[in-house]
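*Asks:*
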Amino acid sequence: MLKLGITLFVATAVIAAALGLVYSVTKDTIAAQEQAKVLDAVAGVLPEGAEGDLTEAVNKTENGLEVPDYFVARDASGTVLGYAIVCYGKGYSSTLEIMAGFTPDGIITGTSVLKQAETPGLGERVNEIRIEGTLWTAIGGLFSGTAGPAGPPPKPWYQAQYLGLHADSLELVKGAAADPERDQVAAITGATITSRAFTDGVREGVTAFLARTDIPR
């Protein structure tokens, strides 16, 4: 019995050491991947006209670590073109983390979902991209070399509704056509909670940020 106990102890210690080694090796890779994801999102939501070296991260201290508080984009003359921040909204089955880009006047220039675990086929449609044309058209394009239009990839249709709207007056409408002139966004059918979490998260996050007195103008 003693021999068995020693064997189990040694085996447990070896497994724990192996797991610790794997974690130490992979944690930096995971952190780098997360950082790359955030930076890609920032580049995709900021206003046009800001070059990469004219976008800067302003950090804050959180749990003893330096983490991005917000990103600011400037033009070649140093004028602030816009900001990017992470907004949060309580969805149906998860908390949505949304990178939102906007001008100093609060006009939304882009959004990107960093994290979500909403219901497949319903709430997760916040990332759904609609494919124009038929399946046969898409298949034919693969063989002809014209599988899709030139230029940047299409944006998720739900998020595309936010472009150009005023963040502080965003309004979600359900079961009716949205009027962009009134800063309205149409809810995803069957996913009102997720849609509202997205709308409220962006509106509240951007509004609170622009009310700060410590940001560059």
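So in this note's numbering the end of the sequence shown lands on 240, straight run, no missing numbers. Just so you know, even glycine gets a beta-carbon here, dropped at the ideal spot from N, CA and C. Source: prediction; values computed, not measured.
Measuring only the C-alpha atoms, how far is A200 from A209?
*Replies:* 6 Å
*Asks:* Just to confirm, is the Cβ distance from V229 to A123 under 7 Å?
*Replies:* yes
*Asks:* Bridge partners of Y106, per DSSP?
*Replies:* V95, F125
*Asks:* What's the C-alpha gap between Q207 and A107?
*Replies:* 21 Å
*Asks:* Can you give me the C-alpha to C-alpha distance between A214 and L137, rounded to a whole angstrom?
*Replies:* 19 Å
*Asks:* Between which two residues does the beta strand (DSSP E) carrying G133 extend?
*Replies:* 131 to 138
*Asks:* Can you tell me which residues form a DSSP beta bridge with G112?
*Replies:* L119
*Asks:* Mind checking R153: buried by the 16 CB within 10 Å criterion, or exposed?
*Replies:* exposed
*Asks:* Taking buried to mean at least 16 other C-beta atoms within 10 Å of its own C-beta, is V310 buried or exposed?
*Replies:* Outside the displayed range of the chain (24 to 240) lies residue 310, so it cannot be described from this structure.
*Asks:* Please report how far the alpha carbon of W180 lies from the alpha carbon of K113, in whole angstroms.
*Replies:* W180 and K113 have their C-alpha atoms roughly 21 Å apart.
*Asks:* Given a cut-off of 7 Å on the beta-carbon distance, is the pair L69 and G105 in contact?
*Replies:* yes
*Asks:* Restricting to Cα atoms, I'd like to know which of S100, S135, L186, V61 is closest to G72.
*Replies:* Among S100, S135, L186, V61, the Cα nearest to that of G72 is on S100.
*Asks:* Just verifying my parser: in three-state terms, what is the DSSP assignment at A59?
*Replies:* helix
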